[in-house]
Amino acid sequence: MSGEESKVLCHIDDIDEGTTKGFLENNAGQDLLFIVKVKGQLFAWRNACPHVSGAPMAWRKDAYMDAKRQHVACHAHGALFEPDTGMCIQGPCLGKALESIPVYVNQAGMVSIRVTDISLLY
Amino acid sequence: MKIVGLETIVFGVEDVASCATFLTDYGLFPVDVTESGGRFEALDGTAVVLAHASDKSIPASIGNGCMMRKTVMGVADVATIEAITEELSKDREVRQLADGSIESTDDSGFVIGFQVTTRKELNLAGEISNVPGSPFQRPVNHLAVNDEIGPIRPRSLSHIVYFVPDPVKAEAFYVERLGFRCTDRFEGTGPFLQPAGTLDHHTHFLIGAPPFMKGVEHFTFHFGGPTEMIQNGSRFIEKGYQAFWGPGRHIFGSNWFWYFNSPFGCHIEMDADMDLHDANWEPRVAASNADTSQTFLLRYRDKWAPGKDTPHNGDYE
Numbered sequence: 723m724s725g726e727e728s729k730v731l732c733h734i735d736d737i738d739e740g741t742t743k744g745f746l747e748n749n750a751g752q753d754l755l756f757i758v759k760v761k762g763q764l765f766a767w768r769n770a771c772p773h774v775s776g777a778p779m780a781w782r783k784d785a786y787m788d789a790k791r792q793h794v795a796c797h798a799h800g801a802l803f804e805p806d807t808g809m810c811i812q813g814p815c816l817g818k819a820l821e822s823i824p825v826y827v828n829q830a831g832m833v834s835i836r837v838t839d840i841s842l843l844y
Numbered sequence: 080m081k082i083v084g085l086e087t088i089v090f091g092v093e094d095v096a097s098c099a100t101f102l103t104d105y106g107l108f109p110v111d112v113t114e115s116g117g118r119f120e121a122l123d124g125t126a127v128v129l130a131h132a133s134d135k136s137i138p139a140s141i142g143n144g145c146m147m148r149k150t151v152m153g154v155a156d157v158a159t160i161e162a163i164t165e166e167l168s169k170d171r172e173v174r175q176l177a178d179g180s181i182e183s184t185d186d187s188g189f190v191i192g193f194q195v196t197t198r199k200e201l202n203l204a205g206e207i208s209n210v211p212g213s214p215f216q217r218p219v220n221h222l223a224v225n226d227e228i229g230p231i232r233p234r235s236l237s238h239i240v241y242f243v244p245d246p247v248k249a250e251a252f253y254v255e256r257l258g259f260r261c262t263d264r265f266e267g268t269g270p271f272l273q274p275a276g277t278l279d280h281h282t283h284f285l286i287g288a289p290p291f292m293k294g295v296e297h298f299t300f301h302f303g304g305p306t307e308m309i310q311n312g313s314r315f316i317e318k319g320y321q322a323f324w325g326p327g328r329h330i331f332g333s334n335w336f337w338y339f340n341s342p343f344g345c346h347i348e349m350d351a352d353m354d355l356h357d358a359n360w361e362p363r364v365a366a367s368n369a370d371t372s373q374t375f376l377l378r379y380r381d382k383w384a385p386g387k388d389t390p391h392n393g394d395y396e
């Protein structure tokens, strides 16, 4: 993504395996996106449940996983999503998917998002 | 049947510690809580009960990821327990438990229990506003706001909202078998239901939903007034918890509301100042939408104040 303005979100090691971290918190204390780490890979999703348009998904800051740490969960109505594909496998939005957000990891392990993609989150 | 309201709601969860922290931060008192669960009580002793998901002493999960295992209603006396036992025994099993309560299943498949209520009577004034001309005023030199006040406590378990696959059948069970009445109705969604032993606008609200959604939409406790509710909700957000809807004020029931995500796979609400109705009340019917759901809707934002440190845009988005 050379030449494009980007914003650094974190270092890849800041997110533990099987956990999530939220970014770009708004004035209401809610993240615009969150990243989940699965088998060392990062997957970034918009913090918006496909069940209720724009509904925030965590139950506490950064807490997007279910208690078994197997699925991303919407803590509004309990929908479960595959962390790597974003597909809903249980709950009111069964068959729908989370919106993927492109993020990039450089050789130093810094995780970033293009500024133009941030503007699309608002 | 003198069912006075909800007594306890039982959840089976994988992460007892996180759920315990959540309920304590909400304002409930932990009572006899261990790493395997315990009670989280409001001021009147009504409670959420936590147990580990694998605990065989609580009813089995209904599936769909629903963590609510049982809804216990409080009744006025032993005669009511006997009347419910007689009524429900006509077509389903009614189990007598060692603690004197009974347990059965409603027509949606939710496990329900009944016990003689152990609610403590509260003698604690709610929020009183100073209003010119009103005969009810806050005493002189009594302050309405205390920003330094310690934990704000829920008063009483208020209501539960179920997603049910057949709302007509679900309503008939509560009305025809248990003596509830419909106080208001969202057409095409479901009824607000009030048992005979309380004047609260509703202790149950039923929402028609596909079978794969059967479960709980939310549960909530009454707080002492809108100031307590909003102060508590603001503190909850400042601790990192996530608001879903509100604060605002409903039209049906008039209760102030603020809904939050929870680790229970459903919402938890904080509510205050619900209408009371008796048998003279004529139920209203409305389509369920944004205009009929609330008379106004507000939103949390970080605190700011106009002054010398105000950003150039006045801190407006």
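Respectively, the protein sequence lines represent chains A and B. Residue numbering for the first sequence follows the numbering used here, starting at 723 and increasing by one per position. Residue numbering for the second sequence follows the numbering used here, starting at 80 and increasing by one per position. Backbone N, C-alpha and C define an ideal beta-carbon position, used for all residues, glycine too.
Quiz item: What are the complete alpha helix (DSSP H) segments, minimum 4 residues, inside the stretch 229 to 257 of chain B?
Solution: The qualifying runs are 246 to 251.
Self-check item: At least 3 beta-carbon pairs within less than 8 Å: the stretch 834 to 842 of chain A vs the stretch 261 to 276 of chain B
Solution: Per the Cβ contact rule, the stretch 834 to 842 of chain A is not in contact with the stretch 261 to 276 of chain B (fewer than 3 Cβ pairs under 8 Å).
Quiz item: Going by alpha carbons, who is nearest to residue 346 of chain B out of B:324, B:335 and B:158?
Solution: Among B:324, B:335 and B:158, the Cα nearest to that of residue 346 of chain B is on B:324.
Quiz item: Quick one: Cα of residue 844 of chain A to Cα of residue 389 of chain B, how far?
Solution: Distance between the alpha carbons of residue 844 of chain A and residue 389 of chain B: 23 Å.
Quiz item: For chain B, is any of its Cβ atoms less than 8 Å away from the one on residue 767 of chain A?
Solution: For residue 767 of chain A, the answer is no, since every Cβ of chain B falls outside 8 Å of its Cβ.
Quiz prompt | Given residue 896 of chain A as reference, the closest of A:812, A:758, A:821 and A:775 once Cα atoms are compared | solution = Outside the displayed span of chain A (723 to 844) sits residue 896 of chain A, for which this structure offers no information.
Self-check item: Contact list for the stretch 310 to 329 of chain B against chain A, Cβ threshold 9 Å
Solution: The residues in question are 316, 317, 318, 319, 320, 321, 322, 323 and 324.
Self-check item: Closest Cα partner of residue 382 of chain B within the set B:281, B:95 and B:310
Solution: Taking only the C-alpha atoms, the option nearest residue 382 of chain B is B:310.
Quiz item: Can you tell me the Cα-Cα spacing of residue 211 of chain B and residue 357 of chain B, whole angstroms?
Solution: Take the alpha-carbon of residue 211 of chain B and the one of residue 357 of chain B: they are about 29 Å apart.
Exercise. Examine chain B for any beta-carbon lying closer than 8 Å to the beta-carbon of residue 754 of chain A, and answer yes or no.
Key: No, because no Cβ of chain B sits closer than 8 Å to the Cβ of residue 754 of chain A.
Quiz item: Counting pairs of Cβ atoms below 8 Å between the stretch 208 to 222 of chain B and the stretch 166 to 173 of chain B, do you hit three or more?
Solution: When C-beta atoms of the stretch 208 to 222 of chain B are compared with those of the stretch 166 to 173 of chain B, fewer than three pairs fall below 8 Å, so the two segments do not count as touching.
Self-check item: Every unbroken alpha helix (DSSP H) within the stretch 288 to 346 of chain B, with a cutoff of 4 residues, ordered by chain
Solution: The qualifying runs are 305 to 317.
Quiz item: Taking Cβ-Cβ distances below 9 Å as the criterion, which residues of the stretch 334 to 356 of chain B are in contact with chain A?
Solution: Correct list: 338, 339, 340, 341, 342, 343, 344, 345 and 346.
Exercise. Starting from residue 291 of chain B, find everything on chain A with Cβ-Cβ shorter than 9 Å and list it in chain order.
Key: At a C-beta separation below 9 Å, residue 291 of chain B has these neighbours in chain A: 812, 813, 814 and 816.
Quiz item: What whole-angstrom Cβ distance do residue 124 of chain B and residue 198 of chain B have, given they're in contact under 8 Å?
Solution: With a beta-carbon spacing of about 6 Å, residue 124 of chain B and residue 198 of chain B fall inside the 8 Å limit used to define contacts.
Exercise. Taking only the alpha-carbon atoms, compute the straight-line gap between residue 130 of chain B and residue 93 of chain B and give it to the nearest angstrom.
Key: Cα-Cα distance, rounded: 9 Å.
Quiz item: Would residue 332 of chain B be called buried (16 or more neighbouring beta carbons within 10 Å of its own) or exposed?
Solution: Label assigned to residue 332 of chain B: buried.
Practice problem: Check each residue of the stretch 788 to 800 of chain A: if its Cβ is closer than 7 Å to any Cβ of chain B, include it; give the result in chain order. | Solution: So the list reads 789, 790, 797, 798, 799 and 800, given in the order they occur along the chain.
Quiz item: Using a Cβ-Cβ distance under 8 Å, would residue 114 of chain B count as near chain A?
Solution: For residue 114 of chain B, the nearest beta carbon of chain A is not closer than 8 Å to its own beta carbon.
Exercise. Please list, in chain order, all residues of the same chain as residue 154 of chain B whose beta carbon is under 8 Å from its beta carbon, the five residues on each side excluded.
Key: Only 80, 81, 82, 83, 160, 163, 193, 194, 195, 196 and 276 meet the Cβ criterion.
Quiz item: residue 144 of chain B CB to nearest chain A CB: under 8 Å?
Solution: Under the 8 Å criterion on CB atoms, residue 144 of chain B is classed as interfacial with respect to chain A.
Exercise. Give a yes or no on whether 8 Å exceeds the smallest Cβ distance from residue 820 of chain A to chain B.
Key: It does not: the Cβ of residue 820 of chain A has no partner Cβ on chain B nearer than 8 Å.
Practice problem: Have a look at B:167, B:114 and B:181 and flag the residue whose alpha-carbon is nearest the alpha-carbon of residue 149 of chain B. | Solution: If we check each option's Cα against that of residue 149 of chain B, B:181 comes out closest.
Quiz item: What residues from chain B crowd round residue 783 of chain A, counting only those whose CB sits closer than 7 Å?
Solution: Residues of chain B whose Cβ lies closer than 7 Å to the Cβ of residue 783 of chain A are, in chain order, 319.
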